[in-house]
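The block underneath contains the structure these notes are about, expressed in structure tokens.
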Amino acid sequence: MNYLSATSIHNGHRFLSDDTVIAVNEKGQILDLLTQKEVDPTQVKHYEGILCPGFINAHCHLELSHLLHKIPEHTGLVNFALGIMKTRNDFTTDDIKGFAHEADKTMAENGIVAVGDICNTDHTLAVKQQSAIYYHSFIELISLNPARAGQVMEDGRKLKASFEAHKLAATLVPHAPYSVSYDLMQQIAGEGKMTSIHNQECKAESDFFMNKTGDFLKLYETIGLTLDFFEPTHKSSLQSYLPFLSKAEHVLLVHNTLTNHDDIRFAEESKQTLYWCLCPNANLYIEKNLPDIQSLYESKIPICLGTDSLASNHGLSIVSEINTISHHYPKMPLESIIGWATHNGALALGIGDRFGTLEKGKNPGINLLMKHDAGYSVQKVF
Numbered sequence: 045m046n047y048l049s050a051t052s053i054h055n056g057h058r059f060l061s062d063d064t065v066i067a068v069n070e071k072g073q074i075l076d077l078l079t080q081k082e083v084d085p086t087q088v089k090h091y092e093g094i095l096c097p098g099f100i101n102a103h104c105h106l107e108l109s110h111l112l113h114k115i116p117e118h119t120g121l122v123n124f125a126l127g128i129m130k131t132r133n134d135f136t137t138d139d140i141k142g143f144a145h146e147a148d149k150t151m152a153e154n155g156i157v158a159v160g161d162i163c164n165t166d167h168t169l170a171v172k173q174q175s176a177i178y179y180h181s182f183i184e185l186i187s188l189n190p191a192r193a194g195q196v197m198e199d200g201r202k203l204k205a206s207f208e209a210h211k212l213a214a215t216l217v218p219h220a221p222y223s224v225s226y227d228l229m230q231q232i233a234g235e236g237k238m239t240s241i242h243n244q245e246c247k248a249e250s251d252f253f254m255n256k257t258g259d260f261l262k263l264y265e266t267i268g269l270t271l272d273f274f275e276p277t278h279k280s281s282l283q284s285y286l287p288f289l290s291k292a293e294h295v296l297l298v299h300n301t302l303t304n305h306d307d308i309r310f311a312e313e314s315k316q317t318l319y320w321c322l323c324p325n326a327n328l329y330i331e332k333n334l335p336d337i338q339s340l341y342e343s344k345i346p347i348c349l350g351t352d353s354l355a356s357n358h359g360l361s362i363v364s365e366i367n368t369i370s371h372h373y374p375k376m377p378l379e380s381i382i383g384w385a386t387h388n389g390a391l392a393l394g395i396g397d398r399f400g401t402l403e404k405g406k407n408p409g410i411n412l413l414m415k416h417d418a419g420y421s422v423q424k425v426f
């Protein structure tokens, strides 16, 4: 039995009273939340800082870990995507798996207990089998050409089955509105209750849906895709595609860099359960821009946090994402941001019964946040 106290304790929802003591066993299971009067003070280990549940990384691309520092910063999404296409296969499968293993290990050391991970291949399957982290693999499908929807679905189902055969949770998801036809979106949404999609990452996405103009035309020309089948909607991408995901009850909207007030109102009127998933360090890396986090925070839709990939970030660290948000939005309550990184992330991945809060009977991981001049660092306690 271990008794833990701290300068502050955040249970995933809110800060608890200053006299709270966590009773936890050697395996990290929460046995009780007590007050100091109920515990022999000589048995309590006190920490300077904030104790909170383990972090949830709701959006990651583990299989791109080999691309750390390989793609230049601040080139914009189209050039970034072209860079990924040109370099991601310049490594052996063993190299890719090795880098993924190291990234997984680092995430665990930095207090991440669960990850929503985008997959285009089975390269991370063995890593996830052996990991201390819980993974939900989002099998990402891509095809803007509606004629290919059936084949892409068939390939996606095979990849999903390979993860499930090893008892790893997996779901088919669309990559992005600019890379998935409406027909394919509808088929994906009918496959499961939960989905995830890269949402409104850059101005080029808006230009494409509004007027069929902008930098995405360069991307499609480069990959040899003709766009005779695509008609602009003269609406934002979110307002164009979200109705086609209506069969998915639970949707993670990832990035949201260009999401505006009209989009927020449109999303709030959806009958689905939506989450804004923020990856601020990746937004700065690629577009040198951030979402309107204040407006997203004030909406009725909860926020969770992700890291994106090592192709678009200098690390896979949720505490680094917390620091970036706090730096650019200094008035944003830390109490809320910690909730995004813990409880909301667990709900977004459908694992709120296991992770995200300090509650009796759970084994959610316990992190210590320590304040420094430059922000917070994290130490994994359990």
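Start counting the sequence shown at 45; every next residue gets the next number (the working numbering). Each residue gets a CB set at the ideal place from its N, CA and C atoms; glycine is no exception.
Option nearest residue i by Cα separation, candidates the options
{"i": "Asn154", "options": "Ser370, Ile366 and Lys375", "result": "Ile366"}
{"i": "Asn123", "options": "Leu269, Val422, Met414 and Tyr264", "result": "Tyr264"}
{"i": "Gln316", "options": "Asp134, Lys344 and Ile362", "result": "Lys344"}
{"i": "Asn300", "options": "Leu334, Asn407, Ser290 and Glu312", "result": "Leu334"}
{"i": "Glu245", "options": "Glu313, Phe274, Ala193 and Lys332", "result": "Lys332"}
{"i": "Asp76", "options": "Leu169, Gly405, Ser380 and Leu412", "result": "Gly405"}
{"i": "Arg309", "options": "Tyr341, Phe135, Asp417 and Asn327", "result": "Tyr341"}
{"i": "Asn243", "options": "Leu318, Thr270 and Trp384", "result": "Leu318"}
{"i": "Ala418", "options": "Pro374, Asp336 and Lys237", "result": "Pro374"}
{"i": "Asn69", "options": "His113, Gln87 and Asn46", "result": "Asn46"}
{"i": "Thr270", "options": "Pro190, Lys279, Ile140 and Ser206", "result": "Pro190"}
{"i": "His103", "options": "Ile337, Ala158 and Asp134", "result": "Ala158"}
{"i": "Ile381", "options": "Leu402, Ile337, Leu126 and Phe399", "result": "Ile337"}
{"i": "Thr119", "options": "Tyr329, Ser353 and His387", "result": "Tyr329"}
{"i": "Lys204", "options": "Tyr226, Gln195 and Cys163", "result": "Cys163"}
{"i": "Leu112", "options": "Phe143, Gly93, Asp84 and Ser364", "result": "Phe143"}
Cβ neighbour criterion (16 or more within 10 Å) applied to residue i
{"i": "Asp138", "result": "exposed"}
{"i": "Thr303", "result": "buried"}
{"i": "Gln231", "result": "buried"}
{"i": "His371", "result": "exposed"}
{"i": "Ala311", "result": "buried"}
{"i": "Phe273", "result": "exposed"}
{"i": "Asn55", "result": "buried"}
{"i": "Asn357", "result": "buried"}
{"i": "Ile267", "result": "exposed"}
{"i": "Gly400", "result": "buried"}
{"i": "Gly234", "result": "exposed"}
{"i": "Thr79", "result": "exposed"}
{"i": "Thr86", "result": "exposed"}
{"i": "Gly194", "result": "exposed"}
Pair within 7 Å by beta-carbon distance, residue i and residue j
{"i": "His180", "j": "Leu393", "result": "yes"}
{"i": "Leu216", "j": "Ile183", "result": "yes"}
{"i": "Leu95", "j": "Asp161", "result": "no"}
{"i": "Ala152", "j": "Ile128", "result": "no"}
{"i": "Lys89", "j": "Leu60", "result": "no"}
{"i": "Lys262", "j": "Pro276", "result": "no"}
{"i": "Leu349", "j": "Trp384", "result": "yes"}
{"i": "Pro324", "j": "Ile369", "result": "yes"}
{"i": "Ala50", "j": "Tyr91", "result": "yes"}
{"i": "Asp166", "j": "Ser206", "result": "yes"}
{"i": "Ile53", "j": "Thr64", "result": "yes"}
{"i": "Lys172", "j": "Leu212", "result": "yes"}
{"i": "His387", "j": "His145", "result": "no"}
{"i": "Ser225", "j": "Leu188", "result": "yes"}
{"i": "Thr131", "j": "Lys114", "result": "yes"}
{"i": "Glu249", "j": "Ser290", "result": "no"}
Assigned secondary structure, residue i (DSSP; H/G/I helix, E/B strand, else coil)
{"i": "Gly350", "result": "coil"}
{"i": "Leu322", "result": "strand"}
{"i": "Ile345", "result": "coil"}
{"i": "Val171", "result": "helix"}
{"i": "Leu271", "result": "coil"}
{"i": "Gln316", "result": "coil"}
{"i": "Ser225", "result": "coil"}
{"i": "Asp139", "result": "helix"}
{"i": "Thr165", "result": "coil"}
{"i": "Leu393", "result": "coil"}
{"i": "Lys291", "result": "coil"}
{"i": "Ile186", "result": "coil"}
{"i": "His14", "result": "The displayed coordinates of the chain run from 45 to 426. Any statement about residue 14 would go beyond what the structure contains."}
{"i": "Asn123", "result": "helix"}
{"i": "Asp199", "result": "helix"}
{"i": "Gly98", "result": "coil"}
{"i": "Thr368", "result": "helix"}
{"i": "Val159", "result": "strand"}
{"i": "Thr150", "result": "helix"}
{"i": "Met129", "result": "helix"}
{"i": "Gly303", "result": "Note that residue 303 corresponds to Thr in the displayed sequence, not to Gly. Here Thr303 sits in coil by DSSP."}
{"i": "Gly383", "result": "helix"}
{"i": "Pro85", "result": "helix"}
{"i": "Glu92", "result": "strand"}
{"i": "Val425", "result": "coil"}
Checklist entry - If you pair each beta-carbon of the region 221 to 230 with each one of the region 272 to 285, do three or more pairs fall below 8 Å? => result yes
Next on the checklist: Counting beta carbon pairs with one atom in the region 405 to 424 and one in the region 98 to 114, are three or more of them shorter than 8 Å?
Outcome noted: yes
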